[in-house]
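Engineer: The sequence shown begins at 1 in my numbering and counts up one residue at a time.
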Amino acid sequence: MFLEFINMDKKKLLILNATSLHQGGGLTFLKKFLEYNFYKIYYDPRLKNIKIKPFLYKLYLDFYFFFNAEKKTKIIYLSGTPPIIKSKAFIICCFQNANIFYDKKINSFAWFFSRDVIRYFFFYFFKKNVNKWLVFSPIAKFLLLKNGVPQSKIKLLSIINLKKKSYKNKKTYNFIYPASLLKHKNHINLILALILLSKKNFYPKVLLTINQKTETDNIIFKLIFDFKLKVTLKYYKNSIDKAYKMSEALIFPSLNETIGLPIIEAYNYNLIILASNRNYAKQFIEPNLVFDPLSPEDIARKIELFLTKKKFLKKIALKKKHKFLFFKKKDIYSQL
Numbered sequence: 001m002f003l004e005f006i007n008m009d010k011k012k013l014l015i016l017n018a019t020s021l022h023q024g025g026g027l028t029f030l031k032k033f034l035e036y037n038f039y040k041i042y043y044d045p046r047l048k049n050i051k052i053k054p055f056l057y058k059l060y061l062d063f064y065f066f067f068n069a070e071k072k073t074k075i076i077y078l079s080g081t082p083p084i085i086k087s088k089a090f091i092i093c094c095f096q097n098a099n100i101f102y103d104k105k106i107n108s109f110a111w112f113f114s115r116d117v118i119r120y121f122f123f124y125f126f127k128k129n130v131n132k133w134l135v136f137s138p139i140a141k142f143l144l145l146k147n148g149v150p151q152s153k154i155k156l157l158s159i160i161n162l163k164k165k166s167y168k169n170k171k172t173y174n175f176i177y178p179a180s181l182l183k184h185k186n187h188i189n190l191i192l193a194l195i196l197l198s199k200k201n202f203y204p205k206v207l208l209t210i211n212q213k214t215e216t217d218n219i220i221f222k223l224i225f226d227f228k229l230k231v232t233l234k235y236y237k238n239s240i241d242k243a244y245k246m247s248e249a250l251i252f253p254s255l256n257e258t259i260g261l262p263i264i265e266a267y268n269y270n271l272i273i274l275a276s277n278r279n280y281a282k283q284f285i286e287p288n289l290v291f292d293p294l295s296p297e298d299i300a301r302k303i304e305l306f307l308t309k310k311k312f313l314k315k316i317a318l319k320k321k322h323k324f325l326f327f328k329k330k331d332i333y334s335q336l
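1) Taking all protein chains shown into account, do 16 or more other C-beta atoms lie within 10 angstroms of the C-beta of residue 110, making it buried, or fewer, making it exposed?
2) Check this for me: beta carbons of residue 299 and residue 312, under 8 Å apart or not?
3) Taking the beta strand (DSSP E) that residue 174 falls in, what are its first and last residues?
4) Under 8 Å by Cβ, that's how I've got residue 184 and residue 277 pegged, so tell me the actual separation to the nearest angstrom.
5) For residue 84, which three-state DSSP category applies?
6) Can you give me the start and stop residues for the alpha helix (DSSP H) that residue 234 sits inside?
7) Assess, as a yes-or-no matter, whether the stretch 128-141 is touched by the stretch 154-170 under the definition of 3 or more beta carbon pairs within less than 8 Å.
8) Looking at C-alpha atoms only, which residue of 106, 160, 96 and 91 is the closest neighbour of residue 128?
9) At what residues does the alpha helix (DSSP H) containing residue 193 begin and finish?
10) Which word fits residue 197, buried or exposed, when buried means at least 16 other C-beta atoms lie within 10 angstroms of its C-beta?
11) How is the alpha helix (DSSP H) around residue 261 delimited, first residue to last?
12) Please name the residue, chosen from 200, 264, 245 and 242, that lies closest to residue 252 on a Cα-to-Cα basis.
13) Which partner residues of residue 77 appear in the DSSP bridge assignment?
14) Less than 8 Å between the beta carbons of residue 66 and residue 87, yes or no?
15) Cα separation between residue 269 and residue 79?
16) When you compare only the Cα positions, how much space is there between residue 145 and residue 139?
17) Taking residue 192 as the reference, which of 97, 123, 228 and 179 has the closest Cα?
18) Would you check if there are 3 or more beta carbon pairs closer than 8 Å linking the stretch 168-187 to the stretch 200-209?
19) Who pairs with residue 291 in a beta bridge, going by DSSP?
20) Beta carbon of residue 259, beta carbon of residue 151: below 8 Å?
21) So for residue 258, helix, strand or coil by DSSP?
22) Please state the DSSP three-state secondary structure of residue 304.
23) On the DSSP letters alone, give me the boundaries of the beta strand (DSSP E) that residue 249 sits inside.
24) Inspect the beta-carbon positions of residue 189 and residue 294 and report whether they are closer than 8 Å.
25) Out of 165, 126 and 94, state which residue places its alpha-carbon closest to the alpha-carbon of residue 159.
26) Hey, could you find the ends of the beta strand (DSSP E) residue 154 is sitting in?
27) Does residue 297 pass the burial test, meaning 16 or more other C-beta atoms within 10 Å, or should it be called exposed?
28) My understanding is that residue 104 touches residue 81, with C-beta atoms under 8 Å, so please give their C-beta distance in whole angstroms.
29) Can you tell me whether residue 244 is buried or exposed, with buried defined as 16 or more other CB within 10 angstroms of its CB?
30) Let me check understanding here. Comparing Cα to Cα, which of 221, 237 and 19 lies closest to residue 230?
31) Could you check the C-alpha separation between residue 76 and residue 194 for me, to the nearest Å?
32) Looking only at its chain, what residues have a beta carbon closer than 7 Å to the beta carbon of residue 164, apart from the 5 residues adjacent to it on each side?
33) Would residue 182 and residue 210 be called neighbours here (beta carbons separated by less than 8 Å)?
34) Suppose you measure from the CA of residue 281 to the CA of residue 201; what does that come to, to the nearest Å?
35) Could you please give the first and the last residue of the uninterrupted beta strand (DSSP E) stretch that includes residue 181?
36) Can you have a look at residue 141 and say buried or exposed, based on whether 16 or more other CB atoms are within 10 angstroms of its CB?
In structure tokens, the structure reads:
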């Protein structure tokens, strides 16, 4: 119907199932997997231009693998949603969405009517169908352990590359915040902080990268316009490396992440980093400044400190030392 028949007896296969993988860090990790030179088959409805909802396509694949996969096959569910039925294959599930678990300090009642609650039910009822959970950060491992996954089923791997480089590009923006407008990204408190600064005649230039489908009636658009903030909203279809090079610092007020990939990217682009005082933000490096993401006043204070102490802050950036396993092109199959 939608898939070619696969003769799985000939070789050991690594199958990448990218159904329901839409944005953010998941797509970054997908690109990394595709770089490795091993025998693989990659399923993604976007590649085949399949006119079917991703959820239905996922169910179709679950049953397809159940009837066709052999024991020697390894299937990676990149979107983090386990199969509803266990096949003979060795099932690997990548977990990288901290928001599927309800946290009263972060989530509101709206969580119960979000897609995250559906993802949580998939996790809760079908996690038994997974042989190995693949995580890319200590925070992700902690969340799985906390939610009933045995340590023996969790593999911590990293494809994080910490390699700082210097760029001499002209700086157009004081800050960049690359994130979707999902609620946990916490744009509202960042905008409120900028409003507080505007009352003190501070108008930092901030670049917000937005999703192409962002609704223009979002409240942050109105606040930016009403208070005449120097905030640029821009959509980047592919790489945003140019945006990083044009910025002096990263500001990252997100409430909840498993990795916080922009922090790693900002470090590599030699940006000063201002981030939430949450555990995820200091997994790999120490930010230059941290703030309470729920306090616009604290965010504003740290922005003002940056604007007045840039040269000093550049001298005190520290890289944390963590021991991680890295993917190796020749033996990735055995590592998984």
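Don't be surprised by glycine CBs; every beta carbon is placed ideally from N, CA and C.
Structural biologist: According to the structure shown:
1) With fewer than 16 neighbouring CB atoms inside 10 Å of its own CB, residue 110 falls in the exposed class.
2) Not in contact: residue 299 and residue 312 (Cβ atoms no closer than 8 Å).
3) Looking at the DSSP string, the run of the beta strand (DSSP E) that includes residue 174 is 173-178.
4) Their Cβ separation, rounded to whole angstroms, is 15 Å, which puts residue 184 and residue 277 out of contact at 8 Å.
5) Residue 84 carries a coil assignment under DSSP once its states are collapsed to helix, strand and coil.
6) Careful: residue 234 lies outside any alpha helix (DSSP H), inside the beta strand (DSSP E) at 231-234.
7) Counting Cβ pairs under 8 Å, three or more are found: they touch.
8) Minimum Cα distance to residue 128 is reached at 91.
9) Unbroken alpha helix (DSSP H) run through residue 193: 187-198.
10) Under this definition residue 197 is a buried residue.
11) DSSP places residue 261 in the uninterrupted alpha helix (DSSP H) bounded by 261-268.
12) Comparing Cα-Cα distances from residue 252 to each of 200, 264, 245 and 242, the minimum goes to 264.
13) According to DSSP, which records beta bridges pairwise, residue 77 is partnered with 17 and 93.
14) In this structure, residue 87 lies closer than 8 Å to residue 66 by Cβ.
15) Rounded to whole angstroms, residue 269 and residue 79 show a C-alpha spacing of 28 Å.
16) Our two residues, residue 145 and residue 139, have alpha carbons roughly 10 Å apart in a direct line.
17) Closest option to residue 192, Cα to Cα, is 228.
18) A contact exists between the stretch 168-187 and the stretch 200-209.
19) In the DSSP output, where bridge partners are listed per residue, residue 291 has 276.
20) In this structure, residue 151 does not lie closer than 8 Å to residue 259 by Cβ.
21) Three-state DSSP puts residue 258 in coil, outside helix and strand.
22) Of the three classes helix, strand and coil, the one that applies to residue 304 here is helix, per DSSP.
23) Annotation for residue 249: the continuous beta strand (DSSP E) segment containing it runs 247-252.
24) Contact annotation: residue 189 and residue 294 have beta-carbon atoms nearer than 8 Å.
25) 94 is the residue among 165, 126 and 94 whose C-alpha sits nearest the C-alpha of residue 159.
26) First-last of the beta strand (DSSP E) with residue 154: 154-156.
27) Flag for residue 297 reads exposed.
28) The beta-carbon separation of residue 104 and residue 81, rounded to 24 Å, does not stay under the 8 Å limit for a contact.
29) By the neighbour-count rule (16 or more Cβ atoms within 10 Å), residue 244 is buried.
30) Comparing Cα-Cα distances from residue 230 to each of 221, 237 and 19, the minimum goes to 221.
31) Taking the straight line joining both Cα atoms gives about 42 Å.
32) Taken in chain order, the residues that qualify are 267, 268 and 270.
33) No, the Cβ-Cβ distance between residue 182 and residue 210 is not below 8 Å.
34) Within the model, the alpha-carbon separation for residue 281 versus residue 201 is close to 30 Å.
35) That residue, residue 181, is in no beta strand (DSSP E); it is neither H nor E in DSSP.
36) Buried, since its Cβ has 16 or more Cβ neighbours within 10 Å.
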